[in-house]
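K.L.:
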Amino acid sequence: MTTYTTGAALPRIFVDKQSPAAYQALVHTSEAVRAVAAGAGLDRALVELVNLRVSQINGCAYCLDVHTRAARRAGETEQRLGVLAAWRDTELFTSTERAALALAEATTLPGDAAAQEAAYATAREVLTDDQVSAVIWVAITINAFNRVSIMSKHPVRPRPASG
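Residue numbers (our numbering): 26 to 188.
#1: If we call anything under 7 Å between Cβ atoms a contact, is Leu-128 one with Ala-148?
#2: Report, in whole angstroms, the separation of the C-beta atoms of Thr-93 and Leu-106, which I expect to be a contact under 8 Å.
#3: Mind listing, in chain order, the continuous alpha helix (DSSP H) runs of no fewer than 4 residues lying wholly within the stretch 59-110?
#4: Measuring CB to CB, does Leu-67 end up less than 7 Å from Ala-159?
#5: Can you say whether Gln-156 is buried or exposed, counting buried as having 16 or more other CB atoms within 10 angstroms of its CB?
#6: Helix, strand or coil for Asp-137? Go by DSSP, reduced to three states.
#7: Would Asn-83 and Asn-171 be called neighbours here (beta carbons separated by less than 7 Å)?
#8: Exposed or buried, what is Thr-153 when buried is set at 16 or more other beta-carbons lying within 10 Å of its beta-carbon?
#9: Under 8 Å, with one C-beta from each stretch per pair, do the stretch 57-71 and the stretch 108-126 reach the 3-pair mark?
#10: If you reduce the DSSP assignment to three classes, tell me which class Phe-170 lands in.
#11: With 16 other CB atoms within 10 Å as the buried threshold, where does His-53 fall?
#12: Here's the rule: buried if 16 or more other CB atoms are within 10 angstroms of the residue's CB, otherwise exposed. What is Gln-43?
#13: Mapping the DSSP letters down to three states, classify His-53 as helix, strand or coil.
#14: Out of Val-181, Val-173 and Ala-186, which one is the CA nearest neighbour of Pro-45?
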(Lines of atoms letter the chains of each structure in order from A and count residues from 1; the text may use other names and numbers.)
(Lines give C-alpha, C1' and ligand atoms only; values in the text may rest on other atoms or scores of the structure.)
Protein backbone atom coordinates (compact mmCIF):
# COMPACT_ATOMS: atom_id res chain seq x y z
CA MET A 1 0.00 0.00 0.00
CA THR A 2 1.26 3.45 -0.93
CA THR A 3 1.00 6.14 1.72
CA TYR A 4 0.94 9.77 0.81
CA THR A 5 1.91 12.40 3.32
CA THR A 6 1.25 16.04 3.07
CA GLY A 7 3.57 18.70 4.33
CA ALA A 8 3.16 22.42 4.10
CA ALA A 9 0.78 23.45 1.36
CA LEU A 10 2.48 24.56 -1.81
CA PRO A 11 1.62 28.03 -3.04
CA ARG A 12 -1.07 27.82 -5.69
CA ILE A 13 -0.67 29.01 -9.23
CA PHE A 14 -3.36 31.50 -10.17
CA VAL A 15 -4.35 29.68 -13.35
CA ASP A 16 -6.12 32.78 -14.67
CA LYS A 17 -2.81 34.66 -14.51
CA GLN A 18 -0.68 31.72 -15.66
CA SER A 19 -2.83 31.09 -18.75
CA PRO A 20 -4.41 34.46 -19.55
CA ALA A 21 -5.59 33.50 -23.04
CA ALA A 22 -7.64 30.60 -21.66
CA TYR A 23 -9.03 32.80 -18.88
CA GLN A 24 -9.95 35.55 -21.35
CA ALA A 25 -11.83 32.97 -23.42
CA LEU A 26 -13.82 32.10 -20.28
CA VAL A 27 -14.47 35.80 -19.63
CA HIS A 28 -15.72 36.22 -23.21
CA THR A 29 -17.95 33.17 -22.75
CA SER A 30 -19.34 34.74 -19.58
CA GLU A 31 -20.08 37.98 -21.43
CA ALA A 32 -21.87 36.07 -24.19
CA VAL A 33 -23.86 34.09 -21.63
CA ARG A 34 -24.85 37.30 -19.80
CA ALA A 35 -26.16 38.68 -23.11
CA VAL A 36 -28.04 35.41 -23.82
CA ALA A 37 -29.63 35.57 -20.36
CA ALA A 38 -30.70 39.18 -20.82
CA GLY A 39 -32.03 38.41 -24.30
CA ALA A 40 -34.06 35.53 -22.85
CA GLY A 41 -35.64 37.91 -20.34
CA LEU A 42 -33.78 36.74 -17.23
CA ASP A 43 -33.06 39.70 -15.00
CA ARG A 44 -29.64 40.27 -13.54
CA ALA A 45 -30.80 39.47 -9.99
CA LEU A 46 -31.90 35.98 -11.07
CA VAL A 47 -28.60 35.39 -12.88
CA GLU A 48 -26.78 36.36 -9.69
CA LEU A 49 -28.96 34.01 -7.61
CA VAL A 50 -27.94 31.19 -9.95
CA ASN A 51 -24.27 32.24 -9.69
CA LEU A 52 -24.53 32.26 -5.91
CA ARG A 53 -26.37 28.97 -5.56
CA VAL A 54 -23.87 27.14 -7.78
CA SER A 55 -20.99 28.76 -5.88
CA GLN A 56 -22.55 27.63 -2.59
CA ILE A 57 -22.75 24.05 -3.82
CA ASN A 58 -19.14 24.16 -5.01
CA GLY A 59 -17.86 25.93 -1.90
CA CYS A 60 -16.18 28.74 -3.82
CA ALA A 61 -15.55 31.52 -1.31
CA TYR A 62 -14.14 33.91 -3.89
CA CYS A 63 -17.13 33.62 -6.25
CA LEU A 64 -19.55 33.84 -3.31
CA ASP A 65 -17.93 37.13 -2.33
CA VAL A 66 -18.00 38.54 -5.87
CA HIS A 67 -21.56 37.47 -6.67
CA THR A 68 -23.05 38.47 -3.32
CA ARG A 69 -21.94 42.02 -4.06
CA ALA A 70 -23.27 41.74 -7.62
CA ALA A 71 -26.62 40.43 -6.37
CA ARG A 72 -26.93 43.35 -3.97
CA ARG A 73 -26.19 45.76 -6.82
CA ALA A 74 -28.91 44.02 -8.84
CA GLY A 75 -31.40 44.71 -6.04
CA GLU A 76 -31.33 41.41 -4.13
CA THR A 77 -32.37 41.64 -0.47
CA GLU A 78 -30.30 40.53 2.50
CA GLN A 79 -33.13 38.22 3.56
CA ARG A 80 -33.22 36.32 0.26
CA LEU A 81 -29.44 36.16 0.08
CA GLY A 82 -29.35 34.83 3.63
CA VAL A 83 -31.75 31.98 2.93
CA LEU A 84 -30.65 31.11 -0.59
CA ALA A 85 -29.00 27.84 0.48
CA ALA A 86 -32.43 26.74 1.76
CA TRP A 87 -34.54 28.24 -1.02
CA ARG A 88 -36.81 25.20 -1.17
CA ASP A 89 -37.86 25.79 2.45
CA THR A 90 -39.11 29.36 1.98
CA GLU A 91 -41.82 31.14 0.08
CA LEU A 92 -39.47 34.00 -0.80
CA PHE A 93 -38.69 32.86 -4.35
CA THR A 94 -40.98 32.99 -7.37
CA SER A 95 -41.81 29.94 -9.48
CA THR A 96 -39.44 31.23 -12.16
CA GLU A 97 -36.61 31.62 -9.64
CA ARG A 98 -37.32 28.20 -8.13
CA ALA A 99 -37.25 26.55 -11.55
CA ALA A 100 -33.98 28.30 -12.42
CA LEU A 101 -32.36 27.39 -9.10
CA ALA A 102 -33.37 23.73 -9.40
CA LEU A 103 -32.06 23.60 -12.97
CA ALA A 104 -28.78 25.24 -11.91
CA GLU A 105 -28.38 22.68 -9.13
CA ALA A 106 -29.07 19.82 -11.58
CA THR A 107 -26.49 21.26 -13.97
CA THR A 108 -23.94 21.49 -11.15
CA LEU A 109 -24.65 18.01 -9.76
CA PRO A 110 -25.63 15.98 -12.84
CA GLY A 111 -25.08 12.59 -11.20
CA ASP A 112 -28.60 12.42 -9.75
CA ALA A 113 -30.57 11.54 -12.87
CA ALA A 114 -33.96 11.64 -11.14
CA ALA A 115 -33.34 15.11 -9.70
CA GLN A 116 -32.04 16.27 -13.07
CA GLU A 117 -35.15 15.04 -14.88
CA ALA A 118 -37.46 16.60 -12.28
CA ALA A 119 -35.66 19.94 -12.44
CA TYR A 120 -35.69 19.92 -16.22
CA ALA A 121 -39.39 19.06 -16.36
CA THR A 122 -40.26 21.87 -13.95
CA ALA A 123 -38.07 24.31 -15.86
CA ARG A 124 -39.83 23.43 -19.12
CA GLU A 125 -43.20 24.17 -17.49
CA VAL A 126 -42.14 27.57 -16.15
CA LEU A 127 -39.36 28.88 -18.38
CA THR A 128 -39.18 29.46 -22.11
CA ASP A 129 -36.78 27.37 -24.16
CA ASP A 130 -34.44 30.37 -24.37
CA GLN A 131 -34.56 30.78 -20.59
CA VAL A 132 -33.87 27.08 -19.97
CA SER A 133 -30.85 27.29 -22.23
CA ALA A 134 -29.66 30.53 -20.62
CA VAL A 135 -29.92 29.15 -17.07
CA ILE A 136 -27.95 26.06 -18.06
CA TRP A 137 -25.28 28.24 -19.67
CA VAL A 138 -25.10 30.50 -16.61
CA ALA A 139 -24.63 27.43 -14.40
CA ILE A 140 -22.00 25.93 -16.69
CA THR A 141 -20.07 29.19 -16.79
CA ILE A 142 -20.07 29.85 -13.04
CA ASN A 143 -19.07 26.22 -12.46
CA ALA A 144 -16.00 26.89 -14.62
CA PHE A 145 -15.17 30.09 -12.75
CA ASN A 146 -15.64 28.27 -9.42
CA ARG A 147 -13.05 25.72 -10.45
CA VAL A 148 -10.59 28.40 -11.54
CA SER A 149 -10.92 30.17 -8.18
CA ILE A 150 -10.97 27.02 -6.05
CA MET A 151 -7.91 25.49 -7.72
CA SER A 152 -6.08 28.84 -7.63
CA LYS A 153 -7.17 29.48 -4.03
CA HIS A 154 -8.13 33.05 -4.91
CA PRO A 155 -8.23 34.91 -1.60
CA VAL A 156 -11.22 36.73 -0.18
CA ARG A 157 -9.90 39.90 1.30
CA PRO A 158 -11.70 41.73 4.09
CA ARG A 159 -13.46 44.96 3.21
CA PRO A 160 -14.54 47.66 5.61
CA ALA A 161 -18.13 47.32 6.80
CA SER A 162 -20.49 49.55 4.90
CA GLY A 163 -22.97 51.58 6.83
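Positions of the beta carbon are idealized from the N, C-alpha and C atoms, including for glycine. The structure displayed is predicted, hence computed values, not measured ones.
P.N.:
Considering the structure as presented:
#1: Yes, the pair counts as a contact, with Cβ atoms nearer than the cut-off.
#2: Cβ atoms of Thr-93 and Leu-106 come within 8 Å of each other, at about 6 Å.
#3: DSSP runs (the alpha helix (DSSP H)) wholly in the stretch 59-110: 69-83, 86-98 and 103-108.
#4: Taking C-beta atoms as the reference points, Leu-67 and Ala-159 count as a pair closer than 7 Å.
#5: Under this definition Gln-156 is a buried residue.
#6: Correct three-state label for Asp-137: coil.
#7: Yes.
#8: Here Thr-153 is exposed: its Cβ has fewer than 16 other Cβ atoms, across all protein chains shown, within 10 Å.
#9: In short, these stretches touch, since the Cβ pair count reaches three.
#10: Of the three classes helix, strand and coil, the one that applies to Phe-170 here is helix, per DSSP.
#11: Under this definition His-53 is an exposed residue.
#12: Under this definition Gln-43 is an exposed residue.
#13: It is helical.
#14: Comparing Cα positions, the closest option is Val-173.
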